[in-house]
Each structure stands twice: as C-alpha cells, then as structure tokens.
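There are 2 protein chains.
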Amino acid sequence: MNNFTYHNPTKIIFGEGTIETIGREIPKDARILMTYGGGSIKNNGVYEQVKNALKGHTLFEFGGIEANPQYSTLMKAVEVCRKENISFLLAVGGGSVIDGTKFIATAVFFEGEAWDILTKNAKTDKFVPLAAILTLPATGSEMNGFGVISRKETGQKLAFGRPPFTNPVFSVLDPTVTKTLSPRQRGNGVVDAFIHVTEQYMTYPSNSPVQDRYAESLLKTLIEVGPEYYPDPENMEAAKNLIWAATMALNGNLSCGVPVDWATHSIGHELTVLEGIDHGRTLAIVWPGMMHVMRDTKREKLLQYACRVWGITDGSDDERIDAAIRKTEEFFHSVSVPTRLSDYRLGKEVIGKVVANLKNNGFTTLGEKRLVTPEKVAEILTNRL
Amino acid sequence: MNNFTYHNPTKIIFGEGTIETIGREIPKDARILMTYGGGSIKNNGVYEQVKNALKGHTLFEFGGIEANPQYSTLMKAVEVCRKENISFLLAVGGGSVIDGTKFIATAVFFEGEAWDILTKNAKTDKFVPLAAILTLPATGSEMNGFGVISRKETGQKLAFGRPPFTNPVFSVLDPTVTKTLSPRQRGNGVVDAFIHVTEQYMTYPSNSPVQDRYAESLLKTLIEVGPEYYPDPENMEAAKNLIWAATMALNGNLSCGVPVDWATHSIGHELTVLEGIDHGRTLAIVWPGMMHVMRDTKREKLLQYACRVWGITDGSDDERIDAAIRKTEEFFHSVSVPTRLSDYRLGKEVIGKVVANLKNNGFTTLGEKRLVTPEKVAEILTNRL
Chain X
133 MNNFTYHNPT
143 KIIFGEGTIE
153 TIGREIPKDA
163 RILMTYGGGS
173 IKNNGVYEQV
183 KNALKGHTLF
193 EFGGIEANPQ
203 YSTLMKAVEV
213 CRKENISFLL
223 AVGGGSVIDG
233 TKFIATAVFF
243 EGEAWDILTK
253 NAKTDKFVPL
263 AAILTLPATG
273 SEMNGFGVIS
283 RKETGQKLAF
293 GRPPFTNPVF
303 SVLDPTVTKT
313 LSPRQRGNGV
323 VDAFIHVTEQ
333 YMTYPSNSPV
343 QDRYAESLLK
353 TLIEVGPEYY
363 PDPENMEAAK
373 NLIWAATMAL
383 NGNLSCGVPV
393 DWATHSIGHE
403 LTVLEGIDHG
413 RTLAIVWPGM
423 MHVMRDTKRE
433 KLLQYACRVW
443 GITDGSDDER
453 IDAAIRKTEE
463 FFHSVSVPTR
473 LSDYRLGKEV
483 IGKVVANLKN
493 NGFTTLGEKR
503 LVTPEKVAEI
513 LTNRL
Chain E
133 MNNFTYHNPT
143 KIIFGEGTIE
153 TIGREIPKDA
163 RILMTYGGGS
173 IKNNGVYEQV
183 KNALKGHTLF
193 EFGGIEANPQ
203 YSTLMKAVEV
213 CRKENISFLL
223 AVGGGSVIDG
233 TKFIATAVFF
243 EGEAWDILTK
253 NAKTDKFVPL
263 AAILTLPATG
273 SEMNGFGVIS
283 RKETGQKLAF
293 GRPPFTNPVF
303 SVLDPTVTKT
313 LSPRQRGNGV
323 VDAFIHVTEQ
333 YMTYPSNSPV
343 QDRYAESLLK
353 TLIEVGPEYY
363 PDPENMEAAK
373 NLIWAATMAL
383 NGNLSCGVPV
393 DWATHSIGHE
403 LTVLEGIDHG
413 RTLAIVWPGM
423 MHVMRDTKRE
433 KLLQYACRVW
443 GITDGSDDER
453 IDAAIRKTEE
463 FFHSVSVPTR
473 LSDYRLGKEV
483 IGKVVANLKN
493 NGFTTLGEKR
503 LVTPEKVAEI
513 LTNRL
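Just so you know, the protein sequences line up as chains X and E, in that order. This note's numbering applies: residue 133 is where the first sequence begins, and numbers increase by one. This note's numbering applies: residue 133 is where the second sequence begins, and numbers increase by one.
Here is the structure:
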C-alpha cells in the first residue's frame with residue numbers, strides 16, 4: 133500500500149423525506165443560488181420541496197445546466213453569482229449539475245480566463261461553498277471534490293477538482309427522487325458506478341486487501357441490486373442500496389494507497405464529445421475491450437475479479453478472464469446498456485477520430501502503467517466494433 | 133436500510149515518514165498542547181519526531197494519560213489548557229490518549245462539573261480543535277468523534293462524543309510507530325478492531341448489502357493480516373493493512389443505516405473497571421458468549437458470518453453457528469488473546485458484580501433489540517467461565 137491522504141468532509145444526509153431538513157444546514161443569512169438542469173425537478177416535485185425547505189432564506193435560481201455541462205453555460209451562472217453576491221451554491225440534480233456547480237464555485241472568485249482551471253490547473257484560492265441534492269445516482273459527484281466540464285467549441289471534456297473546497301458541504305440522498313428517472317438514466321447510472329469501481333480496482337496487486345474487498349463489495353452489490361433497481365421505480369430498498377453503492381464508489385475511499393487506471397473514462401469522454409453517446413454508455417463500450425486487450429497488465433486482478441466477484445474458478449487463466457468479460461457484458465445488458473460501437477451504428481471510422489482527439493487533449497498514454505498507447509486504444513475499440 | 137447522517141471530516145495522513153508533515157497542518161500561531169501517555173513515545177522516537185516537526189510552533193506538553201483515561205487526570209490537562217490559553221490539542225498515542233484528548237477538548241470551555249458531559253450528556257458549544265498521531269492501531273478513535281472515559285472513585289467507564297467537533301482535524305497513521313508495541317498491545321488491537329466490526333454487523337438483517345460486505349471485508353482482512361502482524365514488528369505491509377482495517381472499523385461508515393449492538397463493549401467495560409483486564413481482552417472473553425447465548429436474535433447474521441467470513445457451509449444451522457464461534461475463538465488465540473474468565477483466574481463470583489455494576493450505570497437492557505437483560509448477561513458470562 134502506498135502513502136496517501138484521505139479527506140472527505142461532505143456530510144451525507146440519507147433517506148426518504150430528508151430534503152425538508154436542508155434549511156438548518158445552510159446559514160440563515162446566505163444568499164443561495166439553486167442550480168439545476170433541464171427542468172425535470174419541476175415535474176417530480178423536488179423543486180417545490182427545495183423551495184419549501186428554504187422558506188426564509190434568500191434564494192436565486194439558475195436552470196439549464198445540460199448533460200456534459202458546458203463551460204459557456206456555467207460562466208453565465210458565474211456572472212449571476214458575481215452580480216447577486218451569492219454566498220452558497222445548491223446543486224439540485226445529477227452528476228452534470230453537481231460537477232458544473234463545483235466549477236461555478238471555483239470560477240466565481242477566479243480572475244482571468246476560467247478555462248485555465250481545466251487546461252492549466254490554474255491556481256485558485258477562494259471558493260463559494262456548495263451543497264447538493266442528488267436526483268440521479270451514478271457519478272458519485274455528491275461525495276467528492278471533482279467534476280468534468282465540456283466545451284463544445286473546442287471538442288474538449290476535461291476533469292478538475294479542488295478538494296476539499298469543491299466537496300459539497302452536505303449532500304442529500306433521498307431515494308424517492310429516483311422514481312421519475314427514465315429507464316435509460318437508471319441503466320446508465322448502474323454502469324457508471326460499476327466502472328468507477330473497476331477504474332480503482334482492476335490494475336495490479338498492491339497488497340491492499342481492505343481496498344480490494346471494498347471494491348468487490350460494491351461490484352457484487354451493483355450486480356445484485358442493479359437488475360432490481362433498473363426496471364422498478366417503486367422499489368425503494370433497491371434504490372437506497374444502489375444510491376449508497378454509487379456514492380461509495382467514488383468518494384476517494386477505494387483509491388486510498390492503490391494504483392488507479394481511468395483510461396476507460398478518458399476514451400469514453402471522447403466518444404461522448406465526438407458522437408454524443410451518454411457517459412455511462414461509453415464506459416460499457418470501452419471497458420470490456422480494455423479488459424480484453426490489457427489482460428496481461430491486469431492479469432492478477434482480472435483473475436481475482438473472476439473468482440471473487442463472479443465465482444468463476446474453472447478453466448485456464450485466459451478462459452476465466454474471457455468468462456469474466458462475458459459476465460460483465462451480460463450484466464450491462466441486464467440493465468439495457470449496449471456494449472458495442474455497432475449498437476450506435478458506428479464503424480471503424482470512429483477509431484481514428486478518438487485516437488486523434490485523445491492526442492489533441494494531451495493523453496498520449498493512459499492507464500495505471502501508462503501502457504495504453506494510441507495503438508492500444510485502437511485495438512480496444514476494434515474489439516468493440 | 134434506515135435513514136442516516138454520515139459526516140466524518142477527519143483528514144487521514146497515511147504512511148511511513150508522514151509525522152514530519154504535521155507542521156503544515158496546524159496554524160502557525162496556534163498554542164499547541166501535546167498530550168501523551170506513559171512516556172513510550174520518548175523511547176520509540178515519536179516524541180522527537182513531533183518536536184522536530186513542530187519547530188517554530190508554540191508547544192506545551194501534558195504526559196501521563198493512562199490506559200482507560202481517568203477523569204481526574206484529564207481535568208488537570210483542562211486546567212493547563214485554560215491557564216496557557218491552548219488553541220490546539222495534539223494527541224500522540226493510542227485510543228486512551230486520543231479519547232482523553234477529545235474529552236479535554238470538550239471540557240475546556242465547559243462551565244460546571246465536566247463529569248456531567250458523560251453522565252448527563254450536558255450541552256457543550258465550544259471546543260478546542262484536536263488532531264492525533266496514532267501510535268497503537270486498535271480503537272479507531274483516530275477517525276471518529278467518540279471517546280470512553282473512566283472514573284476510578286465511582287467505578288464508572290462511560291462513552292461520550294460531540295462529532296464532528298470532537299473528530300480529530302487530522303490523524304497521522306504512520307506504520308513504523310507499531311514497531312515498538314508489545315505483543316500484548318498488538319494482539320489486543322487486532323481483537324478490538326474485530327469486535328468493533330461485529331458490534332455493527334452481527335445484529336439482524338436490514339437489507340444493507342454494502343454495509344454487510346464492508347464489514348465482512350474488514351473481518352476477513354483482520355483474520356488474514358492479524359496473525360502476520362502480531363508476531364512480526366518489522367512487517368510494515370501487515371502493519372499498514374492492520375492500521376487501515378482498524379481505522380475503517382470504527383469511522384462510522386459501517387453503521388450507516390443499520391442496527392448496532394455494543395452490548396459486548398458495555399459488559400467488557402465492567403470487566404475492565406472491576407478486574408483491570410485490558411479492554412481488547414475483555415471483548416475476546418464476552419463476544420463468544422454473546423454469539424452463543426444470543427444466537428436466536430442474531431441467527432441470520434451468524435449464519436451469514438459463518439458462510440461468508442469462514443466459508444462454513446456444512447451442518448445444521450446450530451452446527452454452523454457453533455463452528456463459527458469456535459473459529460472466532462481460535463482466531464483470538466492466534467494473536468495470544470485468551471477467551472475465558474478462568475484465564476484470568478476469575479470464577480462465577482465476578483458475574484454478580486458485573487451485573488450489579490451494569491445496573492448501577494443504568495444499563496438494564498443491552499443489544500440491538502434490547503434483549504440482553506441482566507439474566508442474559510449472567511448466562512453469557514457463565515458460558516465464559
């Protein structure tokens with residue numbers, strides 16, 4: 133196990149009916165900007181719940197943060213913050229709204245071109261505190277300090293973070309909000325959480341048995357709960373367990389002292405930028421290919437995954453790895469998430485575009501050992517045709 | 133899963149050589165009181181390391197906090213804090229020193245008889261911030277807001293907490309400090325961490341698969357690593373994994389939304405108060421009896437424990453439970469921790485005293501369903517003769 137620092141000050145408020153408690157979590161004299169997405173919160177009652185819970189507070193709002201939140205949209209919110217002297221941000225939404233709000237929180241006091249925060253890791257020293265009301269379990273953004281921001285004009289989708297300043301002060305995880313999610317959102321969320329775990333687990337052994345077993349705990353729970361949660365919006369027990377697994381999947385705990393990968397995310401981001409495929413769905417395409425092509429680098433962990441997560445013990449090493457990849461794909465299919473480029477009518481022409489975009493964004497080698505070269509990316513995507 | 137709130141702002145600084153980094157974690161203008169125990173930190177180099185790391189800071193010290201920290205000792209430290217206008221407490225030690233320092237942090241600004249904080253849950257509203265340098269992995273106090281304080285004059289040992297104010301701001305977990313622990317301290321620590329997990333896991337099913345599997349992850353790791361860590365002070369890989377498991381065992385994460393027990397701790401505390409048995413060793417006595425006597429209340433979880441933690445699948449329900457109890461005792465023995473009252477030359481005369489003391493301290497029924505009555509306590513201890 134390597135040396136590490138772990139610090140996650142986000143307070144989690146979990147359970148049915150908890151949105152109504154947020155009034156006491158935010159200072160009475162705060163000037164709050166509620167941020168949200170396309171307006172689904174106005175249809176499912178969450179908007180009203182938040183307004184009621186914050187009666188007596190000074191509340192502004194900024195809607196229209198899109199999936200894959202756009203720099204240009206977020207900078208409009210930054211302007212609102214500056215003009216209205218906002219002192220607290222309340223993100224009401226899924227990963228995109230929360231990620232975008234983290235960026236707003238970071239950019240408000242930043243002087244100069246805020247895009248430099250993403251491209252140049254520009255120094256920042258003052259932040260607007262933020263909190264979140266989660267409406268879509270998937271990204272884990274509700275309990276970490278990181279976000280991913282997109283810029284259509286330049287074809288970029290880049291990550292940033294300033295934890296603990298960009299960690300939500302608190303996040304409300306109320307399972308009832310999942311009732312109105314679409315099947316597609318539900319399935320995507322299950323896969324997204326799953327891949328967050330594998331990115332921190334499926335690398336090479338580092339004698340970290342707690343972290344390994346915690347990762348396997350989440351994978352097994354997602355495999356068990358995902359297919360119960362996906363088809364049944366009324367199953368609150370499944371929703372609770374899915375939410376908790378997704379939150380724990382990316383709160384920094386799994387990656388304490390261990391090597392991490394994140395190549396699947398980097399490649400997936402390009403598929404989103406280039407072809408508009410939902411984030412979770414890009415991961416379901418790339419990950420089986422990553423396991424297939426990088427099997428030598430990941431061999432010991434792949435065999436451990438096959439055994440401990442899927443109970444696969446028969447056959448040669450490669451047969452067990454192949455069986456685990458098959459099981460993983462079947463699991464994604466069980467929540468109706470496709471796993472091949474051809475499912476999106478994409479052929480090999482996309483491969484060169486992805487490789488070129490990765491290079492343009494400075495990602496020449498990826499993965500826990502930097503062995504995912506452009507050639508390997510092409511091989512991985514060829515496996516996914 | 134029940135509704136819950138989880139908030140753990142303690143920053144963990146983990147790894148070899150990390151003590152030297154604490155200077156930057158504490159404000160330059162702080163007036164620091166370093167608290168410690170019987171002086172072992174002066175023999176193992178930690179005292180010097182801390183002094184060096186805090187050159188340029190204003191540093192006072194208070195040694196002599198005993199195992200099972202005494203109210204009278206801690207109140208002397210409170211006086212030092214008041215007199216010297218201390219603004220930061222740095223606990224350098226194991227669970228007793230850290231627990232005691234949490235109490236000091238709470239009592240400094242408390243007006244009136246500070247013992248009321250323990251017996252009457254007296255209102256407190258201002259705290260001295262504290263941090264910890266852990267020297268003995270066992271109690272998990274380094275990453276939670278709780279402590280247990282003793283008072284010899286009255287025969288009491290009571291828990292308190294004011295999280296997040298009594299959470300360490302940061303805790304340093306450097307595995308090299310374990311090199312000078314005695315075998316007895318090492319074995320006790322393994323058992324203590326193990327029982328922290330079972331107190332939050334072995335209750336009744338609540339459809340909380342993440343929490344269950346996280347608990348099983350820690351139990352399996354302790355079973356695997358404990359016997360490597362116990363006999364070999366130079367095995368830093370084992371020490372790291374033992375420390376991390378012990379810290380995760382009681383940082384509040386396992387108990388999110390699930391029923392908890394803590395009856396074994398309550399009974400164990402009386403054995404410490406009455407007979408002076410080390411805390412971890414009292415748990416090793418009580419817990420096998422708790423599983424034996426409360427097997428109907430805990431049946432489903434006991435069977436799950438037998439299967440998932442020990443791989444026991446043959447035999448009737450009761451045979452599997454008996455086998456799991458046997459395995460648990462063997463595990464405690466593997467780190468040289470005895471499991472019977474007779475190992476301490478105690479006979480049935482102690483049983484009435486424990487039951488009477490529990491009643492005196494207001495603990496008439498214990499456990500996750502309050503079914504551990506005084507009669508059951510007697511039955512449990514009779515099983516442990």
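Idealized CB from N, CA, C, for every residue including glycine.
- In whole angstroms, what separates the C-alpha of Phe136(X) from that of Phe302(E)? Sequence index remark: in the first sequence, residue 136(X) carries index 4 (1-based). Sequence index remark: in the second sequence, residue 302(E) carries index 170 (1-based). Approximately 13 Å, taken between the alpha carbons.
- C-beta neighbour in chain E for Leu221(X), strict 8 Å: As a working mapping, residue 221(X) is identified with position 89 in the first sequence. Taking Cβ atoms only, chain E never reaches closer than 8 Å to Leu221(X), which makes this a no.
- Message: When you compare the stretch 436-456 of chain E with the stretch 333-350 of chain E, are there three or more beta-carbon pairs, one atom per stretch, that lie closer than 8 Å?
- Response: yes
- Item | 7 Å Cβ cut-off: residues of chain E touching Leu350(X) | Taking the first residue of the first sequence as position 1, residue 350(X) is located at position 218. By Cβ distance, chain E contributes Val342.
- Message: Does the contact criterion of 3 or more C-beta pairs under 8 Å hold for the stretch 487-505 of chain E versus the stretch 447-455 of chain E?
- Response: no
- Task: Work out the CA separation of Gly443(E) and Arg156(X) for me, nearest whole Å.
- Result: Residue 156(X) sits at position 24 when you count from the first residue of the first sequence. Residue 443(E) sits at position 311 when you count from the first residue of the second sequence. Roughly 47 Å separates the two Cα atoms.
- Can you grab the Cα-Cα spacing for the pair Asn493(X) / Lys508(X), in whole Å? As a first step, residue 493(X) is located in the first sequence; it is residue number 361 there, counting from the start. As a first step, residue 508(X) is located in the first sequence; it is residue number 376 there, counting from the start. Going by the C-alpha atoms only, they are around 17 Å apart.
- Task: Could you give the DSSP three-state label for Ser387(E): helix, strand or coil?
- Result: For the purposes of this step, residue 387(E) is taken as residue 255 along the second sequence, with counting starting at 1. The answer is coil: DSSP assigns Ser387(E) none of H, G, I, E or B.
- Please name the residue, chosen from Ala254(X), Val280(X), Tyr362(X) and Asn339(X), that lies closest to Leu374(X) on a Cα-to-Cα basis. One-based indexing of the first sequence puts residue 374(X) at position 242. Minimum Cα distance to Leu374(X) is reached at Tyr362(X).
- Nearest chain X C-beta to Gly412(E) closer than 8 Å, yes or no? Translated into the one-based positions of the second sequence, residue 412(E) becomes position 280. Closer than 8 Å: no.
- Contact under 8 Å by Cβ, Ile158(X) with Asp306(X): Counting from one through the first sequence, the residue named residue 158(X) turns up at place 26. Counting from one through the first sequence, the residue named residue 306(X) turns up at place 174. In this structure, Asp306(X) does not lie closer than 8 Å to Ile158(X) by Cβ.
- Whole-angstrom C-beta distance between Asp231(E) and Pro261(E), which should lie under 8 Å: Taking the first residue of the second sequence as position 1, residue 261(E) is located at position 129. Taking the first residue of the second sequence as position 1, residue 231(E) is located at position 99. Rounded, the Cβ-Cβ distance is 16 Å, inconsistent with contact.
- Query: In the stretch 368-386 of chain X, which residues sit with their C-beta less than 7 Å from some C-beta in chain E, listed in chain order?
  - Reply: Glu369, Lys372, Asn373, Trp376, Ala377 and Met380
- Query: Which residue comes first and which comes last in the alpha helix (DSSP H) that contains Val224(X)?
  - Reply: Working through the first sequence from its first residue, we reach residue 224(X) at position 92. Val224(X) -> not in any alpha helix (DSSP H); beta strand (DSSP E) instead, spanning Phe220 to Gly225.
- Query: Hey, is the stretch 329-339 of chain X in contact with the stretch 275-283 of chain X, meaning 3+ C-beta pairs nearer than 8 Å?
  - Reply: no
- Nonlocal neighbours in the same chain, by C-beta distance under 7 Å from Val487(E), ignoring five residues either side: Taking the second sequence and counting its residues from 1, one reaches residue 487(E) at position 355. The residues are Pro506, Val509 and Ala510.
- What's the gap between the Cα of His424(E) and the Cα of Gly169(X)? Along the second sequence, read from residue 1 onward, the residue named residue 424(E) stands at position 292. Along the first sequence, read from residue 1 onward, the residue named residue 169(X) stands at position 37. Distance between the alpha carbons of His424(E) and Gly169(X): 55 Å.
- Message: What does the Cβ neighbour count give for His465(E), buried or exposed, with the cut at 16 atoms within 10 Å?
- Response: Counted from its first residue, the second sequence places residue 465(E) at position 333. Exposed, since its Cβ has fewer than 16 Cβ neighbours within 10 Å.
- Based on Cα-Cα distance, which residue from Lys258(E), Gly147(E), Arg458(E) and Asn383(E) lies nearest to Trp419(E)? One-based indexing of the second sequence puts residue 419(E) at position 287. Here the closest residue by C-alpha is Arg458(E).
- Below-8 Å beta-carbon distance, Val357(X) vs any chain E residue: Working through the first sequence from its first residue, we reach residue 357(X) at position 225. It does; some Cβ of chain E falls within 8 Å.
- Going by the beta-carbon positions, is the gap between His189(E) and Ala162(E) smaller than 8 Å? Taking the second sequence and counting its residues from 1, the one referred to as residue 189(E) is at position 57. Taking the second sequence and counting its residues from 1, the one referred to as residue 162(E) is at position 30. Yes. Within cutoff.
- Message: Using a Cβ-Cβ distance cut-off of 8 Å, determine whether Asn175(X) contacts chain E.
- Response: Along the first sequence, read from residue 1 onward, the residue named residue 175(X) stands at position 43. It does not; no Cβ of chain E falls within 8 Å.
- Any chance you could list the alpha helix (DSSP H) runs of at least 4 consecutive residues sitting entirely within the stretch 403-474 of chain E, in chain order? 411-425, 431-442 and 449-466
- Message: Buried or exposed for Pro269(E), going by 16 or more other Cβ atoms inside 10 Å?
- Response: If you number the second sequence from 1, residue 269(E) lands on position 137. Burial call: buried.
- Quick one: what does DSSP say Lys284(X) is sitting in, helix, strand or coil? Here residue 284(X) corresponds to residue number 152 of the first sequence, with the count starting at 1. Lys284(X): helix per DSSP, three-state reduction.
- Mind checking which residues open and close the beta strand (DSSP E) that includes Glu193(E)? Along the second sequence, one-based indexing puts residue 193(E) at 61. It spans Thr190 to Phe194 - the beta strand (DSSP E) in which Glu193(E) sits, taken as one unbroken run.
- Under three-state DSSP, which class holds Ile166(X)? Here the question's residue 166(X) lines up with position 34 in the first sequence. Per the sequence presented here, residue 166(X) reads as Met, with Ile not at that position. Three-state result, Met166(X): strand.
- How big is the Cα-Cα spacing for Thr497(E) and Leu513(E)? As a working mapping, residue 497(E) is identified with position 365 in the second sequence. As a working mapping, residue 513(E) is identified with position 381 in the second sequence. Straight-line Cα distance between these residues: approximately 15 Å.
- What do you reckon, are the CB atoms on Val467(E) and Val322(E) nearer than 8 Å? For the purposes of this step, residue 467(E) is taken as the residue at position 335 of the second sequence. For the purposes of this step, residue 322(E) is taken as the residue at position 190 of the second sequence. A contact, by the Cβ cut-off of 8 Å.
- Item | Partner residues on chain E for Glu148(X), Cβ-Cβ distance less than 8 Å | Sequence index remark: in the first sequence, residue 148(X) carries index 16 (1-based). The answer, in chain order, is Asn135.
- Query: Do you know whose CA, among Thr233(E), Val482(E) and Asp446(E), lies nearest Gly195(E)'s CA?
  - Reply: Your numbering for residue 195(E) matches position 63 in the second sequence. Of the candidates Thr233(E), Val482(E) and Asp446(E), the one whose C-alpha sits nearest the C-alpha of Gly195(E) is Thr233(E).
- Task: Taking only runs that begin and end inside the stretch 296-363 of chain X, name each unbroken alpha helix (DSSP H) of 4 or more residues, in chain order.
- Result: 315-333 and 341-361
- Ends of the alpha helix (DSSP H) at Asn251(E)? As a working mapping, residue 251(E) is identified with position 119 in the second sequence. At residue 251(E) the sequence reads Thr, which differs from the Asn that was named. Note, Thr251(E): alpha helix (DSSP H), Asp248 to Thr251.
- Assigned exposure category for Arg214(E) - 16 Cβ within 10 Å defines buried: For the purposes of this step, residue 214(E) is taken as the residue at position 82 of the second sequence. Answer is exposed; the Cβ neighbour count stays below 16.
- Going by other Cβ atoms of all chains shown within 10 Å of its Cβ, with 16 needed for buried, is Gly384(X) buried or exposed? The residue you call residue 384(X) lines up with position 252 of the first sequence. Buried, by the Cβ-count rule.
- Which bits of chain E does Tyr476(X) rub up against, with CB to CB less than 7 Å? The count along the first sequence starts at 1 and reaches residue 476(X) at position 344. What Tyr476(X) touches in chain E: nothing, since even the nearest Cβ is about 32 Å away.
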